[in-house]
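Q: Using the working numbering, the letters of the sequence shown correspond one by one to residues 71 to 201. Note that CB positions come from ideal geometry on N, CA and C, so glycine has one too.
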Amino acid sequence: MVVLLDPVIKADLTYIDYDDNGRFKPSQLCVGIPAVRVRKSGIFYGLNLEKMREARFEVMRDAKELFEIIQQSALELEPFGDNAPMKNIERQIEKLRMKTRADAPFSRAVRAQLTKIGADDYLIDRSLDAA
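Next comes the structure, spelled out in structure tokens:
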């Protein structure tokens, strides 16, 4: 008998990853019984049903696009140095951070996506994470 993942247990979340199409899967280093738990949980909870995957992928894509906008904005502001007008980029950063809050839809997938593309940890809002 395989025990399903418990989203309340922080250690269980380390087993989870998402592919580039938004599909729920075991993380790269998750092997053996934990990998079986991830796959069984995905099936039982319906985490890879097409509508669920599409919704997750859309949020992941939006976060990636917003990250790219932030990067481009930062490059454009670089010549201004300390006098750069930060209001616009700060709004973009806050918008992205809201997508990574623990209470945001698919935030775990967004966090995984941002980590894969090399986003700074500052862009991930951990204020609501369990201790």
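When the Cα of Cys100 is compared with those of Asp90, Ala81, Asn118 and Asn91, which residue comes out closest?
A: When only C-alpha atoms are compared, the closest one is Ala81.
Q: Can you grab the Cα-Cα spacing for the pair Asp76 / Asp152, in whole Å?
A: Whole-angstrom Cα-Cα distance: 46 Å.
Q: Among Arg181, Pro104, Gly92 and Tyr85, which one has its Cα closest to the Cα of Phe137?
A: Nearest option by C-alpha distance: Arg181.
Q: Label Tyr192 either buried or exposed according to how many other C-beta atoms from any shown protein chain fall within 10 Å of its C-beta, with 16 as the threshold for buried.
A: Its Cβ having fewer than 16 others within 10 Å, Tyr192 is exposed.
Q: Look up Pro175 in the DSSP assignment and give the residues it is bridged to.
A: Pro175 is not bridged to any residue.
Q: Alpha carbon to alpha carbon, how far is Gly116 from Ala105? Give it in angstroms, no decimals.
A: About 16 Å.
Q: If I measure Cβ to Cβ from Ala172 and keep anything under 6 Å in the same chain, skipping five residues before and after, which residues do I get?
A: These residues qualify, in order along the chain: Leu198 and Asp199.
Q: Can you tell which of Arg161, Tyr85 and Lys169 has the C-alpha that lies nearest to the C-alpha of Arg196?
A: It is Lys169.
Q: Ends of the alpha helix (DSSP H) at Phe114?
A: Element bounds for Phe114: Ile103 to Phe114.
Q: Taking its Cβ as the centre, do 16 or more other Cβ atoms sit within 10 Å of Phe114, making it buried, or is it exposed?
A: Classification for Phe114: exposed.
Q: Going by beta carbon distance, what residues of the same chain come within less than 8 Å of Pro96, once the five residues before and after it are set aside?
A: These residues qualify, in order along the chain: Tyr85, Ile86, Asp87, Pro104, Ala105, Val108 and Arg109.
Q: Which term fits Arg161, buried or exposed, when burial requires 16 or more other beta carbons within 10 angstroms of its beta carbon?
A: Exposed: under 16 other Cβ atoms inside 10 Å.
Q: If you follow the alpha helix (DSSP H) that Asp152 is in, where does it begin and where does it stop?
A: Here Asp152 belongs to no alpha helix (DSSP H), and DSSP marks it neither H nor E.
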